[in-house]
Every structure is written in structure tokens, then in C-alpha cells.
Amino acid sequence: MTSDNRSGPYLEVQNLVKWFGDDRAVDGISFGIPKGAFLTLLGPSGCGKTTTLMSIAGLHSIDSGRIRVGDVVYTSPKEGIFLPPEKRDIGMVFQSYAIWPHMTVTQNVAYPLEIRKLAQSEIDDRVADVLALVGLTDMADKLATQLSGGQQQRTALARAIVANPLLLLFDEPLSNLDLKLREQMRVELKRIQNEVGITSIYVTHDQAEALVMSDEIIVMSKGQIEQRGGPHDIYSRPINEYVSNFIGVANLLRGRVVEVTEPGRGIVEITDHGKHIRIPCRLGPGIAEGQAAVLSVRPENVHAERENSSDSDLEGEVLQAIFLGSYVDCRVRWGDFEWKVIAHPRMGLKQGEKVFLRLDTEHTLAVQP
Ligand code: ATP
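Here's what the structure looks like:
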């Protein structure tokens with residue numbers, strides 16, 4: 064094995080490029096993650112997440128770039144290095160459970176230890192520990208075919224972690240489960256990862272999953288990285304319209320920055336039916352005076368009021384007010400634009416009512432189009 068003793072991130076992907084025919088599936092992405100971290104690659108179908116994951120696993124070659132884990136270089140075409148997948152010490156969990164139907168849970172989970180030729184007593188101990196961790200102790204002797212989808216996925220997870228690999232790679236592992244189970248498994252998967260502390264990369268197109276589970280998220284589009292950050296950062300400080308739109312729900316309005324009032328703050332003018340409205344906001348990175356920008360405001364930061372308490376003069380009509388217990392999901396028409404607004408049930412907003420919209424300035428963000 065080739066060693067590389069540089070300090071820095073535990074897993075490092077540098078300028079990864081992968082072509083499939085004429086399609087540049089991964090377009091020169093770079094990222095590193097510290098040991099024990101849980102990083103999610105998030106993006107729509109075809110953005111290159113799985114290709115990135117498979118490149119790390121060594122399940123296909125790459126055209127250029129370099130992948131290193133610890134002090135071992137896994138892949139570097141320039142240096143003529145390609146470590147075969149079985150030497151990479153990686154655990155994987157896929158969407159399809161990929162467990163052997165003719166084997167019991169115990170046999171499935173013990174398999175990676177058997178091929179490593181561990182002593183039987185050690186195998187028994189480790190399998191018992193890991194089955195307890197994933198909550199399958201009572202299922203140990205069942206055949207894989209006798210398990211529910213959730214139990215099969217727990218078995219796959221147990222098999223992936225039993226040999227204590229250097230990395231855990233997940234490719235949409237929960238997408239075959241129904242919504243309720245998926246929500247439960249998100250939390251549990253994160254707990255288990257926390258407990259075993261194995262550095263993990265998780266691929267999903269489901270933003271809620273990414274927000275719940277990740278220490279950090281990389282939002283991808285067309286083989287490139289749009290933004291990287293913690294879940295809270297990505298949600299509250301999206302860098303551009305694409306990320307705003309992809310994570311959570313946002314009101315997105317095109318406008319122009321007409322004034323920078325202080326560093327990081329300014330006024331964006333939006334226009335509707337010849338009316339110009341000036342909206343104070345925070346300016347995202349790279350947003351300057353005179354520039355076209357998109358205002359991004361989450362529904363929980365738009366307040367519908369019966370009296371006009373701000374000077375922005377955003378007056379609209381309630382198109383829809385759906386009572387959802389703790390909040391009311393509203394749509395408010397303002398010119399051609401439909402605002403998504405979260406209102407308090409106590410306001411008793413009714414369809415057809417006129418309301419004024421007050422935007423929470425701290426959480427109104429001008430981002431790149
Ligand atoms: P999904 O969630 O649908 O898997 P993804 O973000 O994981 O999407 P990739 O599977 O990495 O995306 O695919 C990226 C691009 O590479 C797509 O355009 C896809 O069609 C192409 N691609 C992926 N694998 C292959 C392959 N084996 N042969 C040819 N093209 C491929």
C-alpha cells in the first residue's frame with residue numbers, strides 16, 4: 064500500500080473527475096472530512112452523488128483526482144494507484160438490502176468476520192454486540208427472508224459495521240422503507256453511527272434525511288459542489304437560489320440590490336405590476352450593490368398581519384389557509400407571486416382576507432441567482 068503521511072482531514076477527495084462516455088458525472092469536486100464525522104452528499108438524481116461514493120469505494124475507476132483515507136492513498140491515476148475495493152476496509156449499506164436470503168441474521172452479520180478468519184469465539188462476541196446495537200438480538204436465528212424491510216436494513220447495517228471498517232458508505236439506505244419507518248430509522252442510524260464513531264458518507268436526495276442526520280452536508284448539482292456546511296447553516300444561509308430551493312421551502316423573488324447599508328446588509332428592490340418595493344435584508348456572500356439577486360425567505364419568517372406594521376407595503380390576499388394543528392399553512396397572493404406563509408392558528412386567517420406581510424429582516428436573505 065502507498066502511504067501518505069500528510070496531516071489534515073481523515074478522508075480527502077481532491078479534484079475528482081469521472082466521465083461516463085460524454086457525460087462528466089463528477090466534475091472536479093474536492094472535500095475532506097474529519098475522523099468520525101457524518102457527511103451527507105445531497106442532490107437531485109443524476110448530480111453525481113453515487114458516482115462519488117462508488118469512486119471512494121473503488122467500485123469504478125476515476126479519470127483524475129486523488130482519494131486518500133488516513134495515510135493510505137486509495138486512488139490516484141496520476142500516481143498509478145488504484146487500491147482494489149476489498150483492500151479498502153469499507154462497510155457499505157445500499158438501498159437494496161443486499162443480504163443473503165438463505166442465511167440467518169447471525170450468518171449474514173458474521174460473514175465479514177469469517178472471511179477475515181477470526182476465531183469463532185471472537186466472531187460470536189462481536190456479532191452479539193452488534194446485533195444488540197442495532198436491536199436485532201431477538202432475530203438472530205431468523206432467516207433474512209423472514210424479516211421486515213426495516214429489519215433487513217438493520218441486518219445490512221450490522222454486517223457493514225461488524226468488522227469495524229475505516230469508512231461507512233451509505234447509498235440511499237432508507238428509500239425502500241415506508242415514511243414512518245424511514246423517520247424512525249434516520250434517528251436510529253445516526254445514534255448507531257455516533258456510538259460506533261465510524262467516519263461516514265451518506266448519499267441521499269431527501270433533504271429532511273440530510274438535515275436530521277448529518278454533521279455536515281454537501282449540496283451537489285451537475286457533478287459539482289454548490290455549498291457545504293452544517294444543516295443549520297445550509298438551511299438558514301443558503302448561498303444561492305438552487306440551494307435555497309433544494310433545502311426546505313423558500314419564497315424566492317427576483318430583484319436587484321439597490322443599496323448596501325452596512326457590510327452584509329442592504330436593500331433589495333422587487334417589482335410587481337410596476338410597483339417597486341424596497342426590502343431590507345441580509346446580503347449573502349458575493350452579493351454587491353447594483354447586482355441582480357434572489358430574495359430568499361422561509362415561510363416561518365413571513366408574518367401575516369391585519370395591520371401594516373412595516374414600511375414595505377406588501378399587501379396581499381389569503382388564497383388558502385390550511386389548519387395543521389400547531390400552525391396554519393397559508394398562501395398569500397401578492398400580484399403574480401404566491402407567498403408561502405406560516406401563521407399562528409390563533410390568528411384565524413380566512414381565505415379571501417386582506418393581510419400585510421412583514422418579513423423578518425434578520426432572516427430575509429439576498430442570494431445569487
Ligand atoms: P441517483 O440518485 O439517481 O443515483 P446520483 O446523483 O447518485 O443520482 P449518479 O448515479 O452519480 O447520480 O450519476 C451521475 C451521472 O452519471 C448521471 O448522468 C448518470 O446517468 C451517469 N452514470 C452513472 N453511472 C453510470 C454508468 N455506470 N454508466 C453510464 N453513465 C452513468
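Residue 64 is where the sequence shown starts when you use our numbering, and the numbers rise one by one after that.
We put the beta carbon where it would ideally sit given N, CA and C, even for glycine.
Predicted model only: the values in this text are computed from it and were never measured.
Residue i to residue j span [Cα, whole Å]
{"i": "His-268", "j": "Asp-234", "result": "10 angstroms"}
{"i": "Gly-84", "j": "Tyr-298", "result": "35 angstroms"}
{"i": "Arg-341", "j": "Gly-99", "result": "46 angstroms"}
{"i": "Gly-95", "j": "Ser-139", "result": "16 angstroms"}
{"i": "Pro-236", "j": "Lys-417", "result": "46 angstroms"}
{"i": "Leu-79", "j": "Met-117", "result": "12 angstroms"}
{"i": "Ser-389", "j": "His-366", "result": "15 angstroms"}
{"i": "Ser-373", "j": "Leu-420", "result": "8 angstroms"}
{"i": "Lys-403", "j": "Asn-171", "result": "48 angstroms"}
{"i": "Thr-65", "j": "Ile-255", "result": "Low local confidence applies: a pLDDT of 43 at Thr-65 is under 50, so the model's placement there is unreliable, with the coordinate-based value given in what follows. Taking the straight line from one Cα to the other gives about 31 angstroms."}
{"i": "Asp-376", "j": "Gly-293", "result": "35 angstroms"}
{"i": "Leu-274", "j": "Ile-281", "result": "11 angstroms"}
{"i": "Lys-180", "j": "Ser-108", "result": "39 angstroms"}
{"i": "Phe-309", "j": "Leu-315", "result": "12 angstroms"}
{"i": "Arg-345", "j": "Gly-353", "result": "15 angstroms"}
{"i": "Glu-368", "j": "Arg-300", "result": "26 angstroms"}
{"i": "Thr-427", "j": "Asn-364", "result": "8 angstroms"}
{"i": "Asn-371", "j": "Ile-288", "result": "41 angstroms"}
{"i": "Ile-264", "j": "Asp-335", "result": "44 angstroms"}
{"i": "Ser-124", "j": "Leu-146", "result": "10 angstroms"}
{"i": "Gly-111", "j": "Arg-319", "result": "33 angstroms"}
Residue from the options whose Cα sits closest to the Cα of residue i
{"i": "Ala-384", "options": "Val-430, Arg-369 and His-407", "result": "His-407"}
{"i": "Glu-322", "options": "Val-331, Ala-88, Leu-316 and Leu-315", "result": "Val-331"}
{"i": "Leu-242", "options": "Leu-79, Asn-314, Met-276 and Ala-271", "result": "Ala-271"}
{"i": "Leu-122", "options": "Asn-364, Pro-148, Leu-105 and Arg-129", "result": "Pro-148"}
{"i": "Gln-214", "options": "Asn-227, Leu-194 and Val-225", "result": "Leu-194"}
{"i": "Pro-97", "options": "Glu-325, Glu-246, Thr-169 and Pro-72", "result": "Pro-72"}
{"i": "Pro-164", "options": "Ala-88, Ala-207 and Ala-273", "result": "Ala-207"}
{"i": "Thr-114", "options": "Asp-86, Ala-161, Gly-260 and Leu-176", "result": "Asp-86"}
{"i": "Glu-304", "options": "Phe-419, Val-430 and Gly-347", "result": "Val-430"}
{"i": "Asp-126", "options": "Tyr-137, Val-136, Asp-134 and Lys-141", "result": "Lys-141"}
{"i": "Gly-347", "options": "Glu-378, Gln-290, Lys-338 and Gly-337", "result": "Gln-290"}
{"i": "Ala-356", "options": "Leu-252, Glu-370 and Arg-317", "result": "Arg-317"}
{"i": "Leu-199", "options": "Phe-157, Lys-150 and Glu-251", "result": "Glu-251"}
{"i": "Glu-401", "options": "Arg-222, Pro-343, Ala-313 and Lys-413", "result": "Ala-313"}
{"i": "Ile-261", "options": "Leu-146, His-295, Met-248 and Leu-220", "result": "Leu-220"}
{"i": "Val-259", "options": "Gln-216, Asp-192 and Lys-112", "result": "Asp-192"}
{"i": "Thr-218", "options": "Leu-232, Met-202, Pro-228 and Gln-183", "result": "Met-202"}
{"i": "Met-338", "options": "Trp-397, Ile-288 and Thr-427", "result": "Correcting the residue identity first, residue 338 is Lys in this sequence and not Met. Among Trp-397, Ile-288 and Thr-427, the Cα nearest to that of Lys-338 belongs to Trp-397."}
{"i": "Asp-204", "options": "Gly-212, Asp-188 and Thr-167", "result": "Thr-167"}
{"i": "Arg-409", "options": "Glu-177, Leu-210, Val-391 and Gly-212", "result": "Val-391"}
{"i": "Gly-349", "options": "Gly-411, Val-197, Gly-329 and Gly-133", "result": "Gly-329"}
{"i": "Ile-302", "options": "Leu-358, Leu-412 and Val-76", "result": "Leu-358"}
Under the three-state DSSP convention, the category residue i falls into
{"i": "His-295", "result": "helix"}
{"i": "Ser-159", "result": "coil"}
{"i": "Gln-354", "result": "coil"}
{"i": "Gly-379", "result": "strand"}
{"i": "Val-312", "result": "coil"}
{"i": "Ala-100", "result": "coil"}
{"i": "Arg-69", "result": "In this prediction, Arg-69 scores a pLDDT of 48, lower than 50, which makes its location untrustworthy; no coordinate-derived value is stated."}
{"i": "Met-166", "result": "coil"}
{"i": "Ser-359", "result": "strand"}
{"i": "Gly-318", "result": "strand"}
{"i": "Ser-184", "result": "helix"}
{"i": "Glu-251", "result": "helix"}
{"i": "Ala-120", "result": "helix"}
{"i": "Asp-234", "result": "strand"}
{"i": "Ser-307", "result": "helix"}
{"i": "Tyr-174", "result": "helix"}
{"i": "Asp-423", "result": "coil"}
{"i": "Leu-220", "result": "helix"}
{"i": "Pro-343", "result": "strand"}
{"i": "Glu-142", "result": "helix"}
{"i": "Lys-413", "result": "coil"}
{"i": "Lys-150", "result": "helix"}
{"i": "Asp-90", "result": "strand"}
{"i": "Leu-74", "result": "strand"}
beta-carbon residue i near ligand 3 non-hydrogen atom, thresh 8 angstroms
{"i": "Cys-344", "result": "The model on display carries ligand 1 but not ligand 3."}
Presumed contact (8 angstroms Cβ cut-off) between residue i and residue j, rounded CB distance
{"i": "Met-276", "j": "Leu-104", "result": "No, Met-276 and Leu-104 are not in contact; Cβ-Cβ is about 12 angstroms, not under 8 angstroms."}
{"i": "Ile-153", "j": "Leu-74", "result": "Rounded, the Cβ-Cβ distance is 10 angstroms, inconsistent with contact."}
{"i": "Ala-173", "j": "Ile-162", "result": "Their Cβ separation, rounded to whole angstroms, is 12 angstroms, which puts Ala-173 and Ile-162 out of contact at 8 angstroms."}
{"i": "Phe-101", "j": "Asp-278", "result": "5 angstroms"}
Chain D within 9 angstroms of residue i, Cβ atoms only
{"i": "His-268", "result": "The chain inventory of the structure shown lacks chain D, comprising one protein chain alone."}
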